[in-house]
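**Student:** Just add 4 to the spot in the sequence shown (first one is 1) and you have my numbering. Right, I'll just put the structure down here and ask away after.
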Amino acid sequence: MKMTSQTLLHLVDQWIDVQGVLIFLCVLLLVKHVYDVRSSNMPPGPFPLPFIGNLLNIGFNDPMEFFPKMAKWYGDVSTFYLGDKPCILLTGYETFKEAFVEQADIFTERPFFPVNERISKGKGLIFSGGHMWRQQRSFAVATLKYFGVGKKTLENSILQECQIVCKALQDEEGLPSDPHHVLTYAVGNIICSLVFGYKFEYDDQSFHQLLKYSDDTFKLPVNNWGRLYNQFPTMMSFLPGKHQTTFANLSKLKLFFQEEIRKHKEDRNPSSPRDYIDCYLDEIEKSKDSEAEFTEDNLIHCVLDLFGAGTESTAKSLRWALLYMVKYPEVQEKVQSEIDRVIGQTRQPLMEDRAHLPYTYAVIHEVQRFANVLAFIPPRVACRDTTVAGYLIPKGVMVLPMLKPILEDKNEYETPHEFNPAHFLDEHGKFLKRENFIPFSIGKRMCSGEQMARMELFLIFTSLMQNFTFLPPEGKTLSLKRTVAIASAPEPFCIRAIPR
C-alpha cells in the first residue's frame with residue numbers, strides 16, 4: 005500500500021501534535037516541581053533537578069567535595085535532595101547543641117536506608133532507635149565500664165598492646181612498612197578483650213579476615229555501591245558488584261559471632277561474667293522487657309557495632325597521627341622532647357602523665373581535628389516537627405550532621421586548614437580545652453566509646469613517640485589524600501620506624 009503525500013503530511017501533523025503535548029506536559033511537570041520546591045518551606049539549598057534531585061551536585065566520588073561548600077554557601081542549616089526526598093544538612097556548633105542537646109529526645113531516631121537495613125535489620129547500637137536503642141546503649145555503656153573502661157584495668161590492657169606494637173615495629177628494623185595492619189590489630193585486640201574475653205595473635209589469619217570484613221561493611225553505606233543500593237535496592241539485590249561481596253563477608257562475620265556466642269553459652273559462669281557476651285547472655289535470661297529485645301540476634305548486631313566502631317576510627321586516627329609526624333618532623337621532635345623530659349625512656353607512659361604532657365596532648369587533639377576521621381556522624385530524623393536555628397525541620401525528614409565545618413571554624417581556630425597543635429595551647433603553653441572540639445559528637449547519641457578511644461589514642465601514640473622516630477622512605481614524599489568511608493583513613497602509605 006503506497007503512502008500518499010497527504011497521508012504522510014497527516015502523520016507528521018499527528019507527530020507534531022504528540023510532541024507538543026509531551027513538551028507541554030514536561031513543562032507543566034517542571035513548573036509544578038519548581039512550585040513544590042519553592043513552597044516547601046524547607047531551609048535554603050541548591051535547586052534540585054526532577055527525579056534525581058542533587059545527585060549530580062554531590063557526584064560519585066568524594067561527597068566531601070560538595071557538602072562543605074554547600075554549608076559555606078547556605079549556612080548551618082540547608083537542604084539538598086536525594087532523588088525526590090529532601091534531606092537537611094546540619095552543621096555549626098551552636099546548631100548541633102540546639103538540635104542534639106536541647107532537643108535530644110526529638111533527634112534520637114535514625115532514617116531508613118536499604119543498605120543499613122540489610123546490614124543491621126534495625127538492631128544493634130548504631131542503626132537502631134526508640135526504646136530498644138536506649139536499652140541497648142545503656143547496657144553497653146554500663147558493661148564496658150564494668151570491664152574497665154576509664155579504669156586501671158583497661159589501661160593495663162592497652163599498655164600490654166603497646167608493648168606488642170613496639171616489638172612488631174622493632175622487628176621491621178627501620179625498613180619501610182605500612183603501619184595500617186599493626187595499628188588495626190592493636191586497637192582491634194583491645195575491643196576483642198572486652199567483647200570476646202581474649203585477644204588474637206597478630207599473625208592470626210582469621211583475625212585479619214574479621215577486621216577486613218568489618219572494614220568493608222563500614223565502607224559500604226558511603227561508597228558508590230552502597231549509594232546505588234540505597235537508590236535501587238530491588239535491582240541492586242540481583243546485580244553483581246562489590247556490595248554483594250560485602251554482604252557475603254558480613255554473613256561470614258556474623259557466623260563467627262554466632263560461634264563465639266555458642267562457645268560462651270557452653271562454658272560461662274553466670275556469677276562471674278568474663279566479657280560483654282557473657283553479660284549479655286545473662287541479660288537475655290533475666291530481661292522481661294520485650295521492647296528492649298535482648299535476644300541473640302540483637303547480641304550479634306551489638307557485637308558487630310562494637311567490633312567495627314571500636315576499631316575503625318581509633319586505628320585510623322593513629323595512622324593519621326604517624327603520617328602527620330612524618331610530614332611535620334618539627335612537631336615530632338617537640339613531642340619526643342616533652343616525653344623524654346616528663347617520662348624518660350625507662351617506663352611506659354601512664355594516663356596520669358597526660359596532665360604533664362600538654363604539647364603531646366595538644367598534638368593528639370590536633371590530629372583528631374585536622375584528620376576529621378568522622379566528617380559526618382550517622383544521620384537522624386526528627387520524631388516530630390521542630391525548628392533549628394529558626395528553620396523548620398519536618399518530622400521524618402533526614403538530618404545529616406557534618407562535623408568538618410565545626411572543626412575548621414575560622415572563628416575558633418587561627419589556622420583551620422593547617423596542622424597546628426597551638427590550636428590547643430594557651431599563651432603559657434598549657435593545654436587549652438575547646439568547647440566546640442566534638443570529634444565524638446554531642447548529646448544522647450554521642451560515641452559511647454569516647455573514653456576508651458581517648459585512652460587508646462594517648463597511650464599508643466605516646467608509646468610510639470617514646471620509642472621511635474618516624475621517617476618517610478628514602479626519596480619519597482607522602483600524600484595526605486584520604487579514602488572514602490564512614491571513618492576516613494589516609495591512603496595506604498609506608499614509613500620507617502627508627503628505634504630511639
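Glycine included, C-beta positions come from ideal geometry on N, C-alpha and C. Note that the structure is a prediction, hence the values are computed from the model and not measured.
#1: Can you tell me the Cα-Cα spacing of Arg500 and Phe117, whole angstroms?
#2: Going by DSSP, what residues sit across from Ile92 in a beta bridge?
#3: According to DSSP, simplified to helix, strand and coil, what is Arg231?
#4: Which of helix, strand or coil does DSSP assign to Val377?
#5: Enumerate, from N- to C-terminal direction, the unbroken beta strand (DSSP E) stretches of 3 or more residues contained entirely within the stretch 273-343.
#6: If you drop the 5 nearest sequence neighbours on each side, which residues of the same chain put their C-beta closer than 6 Å to that of Cys196?
#7: On the premise that Ser467 lies in contact with Cys170, defined as a C-beta separation below 8 Å, what is that separation, rounded to the nearest angstrom?
#8: Do the stretch 374-382 and the stretch 486-497 touch if we need at least three Cβ pairs shorter than 8 Å?
#9: Cα separation between Lys36 and Asn58?
#10: Could you tell me the alpha carbon to alpha carbon distance between Thr419 and Glu176, rounded to whole angstroms?
#11: Do you know offhand how far Phe435's Cα is from Glu356's?
#12: If Ile110 and Val401 are in contact, beta carbons under 8 Å, what's the gap, nearest whole angstrom?
#13: For Tyr39, count neighbouring Cβ atoms within 10 angstroms of its own Cβ and tell me buried if that reaches 16, exposed if not.
#14: Mark Ser124 as exposed unless 16 or more other C-beta atoms lie within 10 angstroms of its C-beta, in which case mark it buried.
#15: If Leu429 sits next to Pro333, beta carbons under 8 Å apart, how far is it from one beta carbon to the other, in whole angstroms?
#16: Could you check whether the stretch 324-333 touches the stretch 386-394, counting it as contact only if at least three pairs of C-beta atoms, one from each stretch, sit closer than 8 Å?
#17: Considering Cα atoms alone, identify which of Val199, Glu431, Gln209, Glu316 is closest to Ala457.
#18: Within this structure, are the beta carbons of Ile194 and Leu322 separated by less than 8 Å?
#19: Count the other C-beta atoms from every protein chain shown that fall within 10 angstroms of the C-beta of Met239, then say buried if there are 16 or more, exposed otherwise.
**Tutor:** Inspection of the coordinates gives the following:
#1: Here residue 500 refers to the residue found at position 496 when the sequence shown is read from its first residue. Here residue 117 refers to the residue found at position 113 when the sequence shown is read from its first residue. Those two C-alpha atoms are separated by around 42 Å.
#2: In the sequence shown, residue 92 corresponds to position 88, counting from 1. The partner list for Ile92 (beta bridge, DSSP) reads Thr83, Val403.
#3: Mapped onto the sequence shown, residue 231 falls at position 227. Three-state result, Arg231: helix.
#4: Numbered from its first residue, the sequence shown carries residue 377 at position 373. DSSP places Val377 in coil when its eight states are reduced to three.
#5: none
#6: Taking the sequence shown and counting its residues from 1, one reaches residue 196 at position 192. Cβ within range, chain order: Lys203.
#7: Here residue 170 corresponds to residue number 166 of the sequence shown, with the count starting at 1. Here residue 467 corresponds to residue number 463 of the sequence shown, with the count starting at 1. Indeed they touch by this definition, with Cβ atoms about 6 Å apart.
#8: yes
#9: Taking the first residue of the sequence shown as 1, we reach residue 36 at position 32. Taking the first residue of the sequence shown as 1, we reach residue 58 at position 54. Low confidence applies here, because Lys36 scores a pLDDT of 48, under 50, leaving its location unreliable and the question unanswered by this model.
#10: For the purposes of this step, residue 419 is taken as the residue at position 415 of the sequence shown. For the purposes of this step, residue 176 is taken as the residue at position 172 of the sequence shown. Their Cα atoms are separated by approximately 36 Å.
#11: As a first step, residue 435 is located in the sequence shown; it is residue number 431 there, counting from the start. As a first step, residue 356 is located in the sequence shown; it is residue number 352 there, counting from the start. C-alpha separation (whole angstroms): 15 Å.
#12: If you number the sequence shown from 1, residue 110 lands on position 106. If you number the sequence shown from 1, residue 401 lands on position 397. Contact doesn't hold; Cβ gap of about 12 Å is too wide.
#13: On the sequence shown, position 35 is the one that residue 39 refers to. Residue placement at Tyr39 is flagged as unreliable, the pLDDT there being 44, under the threshold of 50; a coordinate-derived value is accordingly withheld.
#14: As a working mapping, residue 124 is identified with position 120 in the sequence shown. By the neighbour-count rule (16 or more Cβ atoms within 10 Å), Ser124 is buried.
#15: As a working mapping, residue 429 is identified with position 425 in the sequence shown. As a working mapping, residue 333 is identified with position 329 in the sequence shown. Not confirmed; about 19 Å, so no contact.
#16: no
#17: Start at 1 with the first residue of the sequence shown, and residue 457 comes out as number 453. Per the Cα distances, Glu316.
#18: The sequence position of residue 194 within the sequence shown is 190, counting from 1. The sequence position of residue 322 within the sequence shown is 318, counting from 1. Against a cut-off of 8 Å, the Cβ pair of Leu322 and Ile194 comes out as no contact.
#19: Your numbering for residue 239 matches position 235 in the sequence shown. The residue is exposed, with fewer than 16 neighbouring Cβ atoms inside 10 Å.
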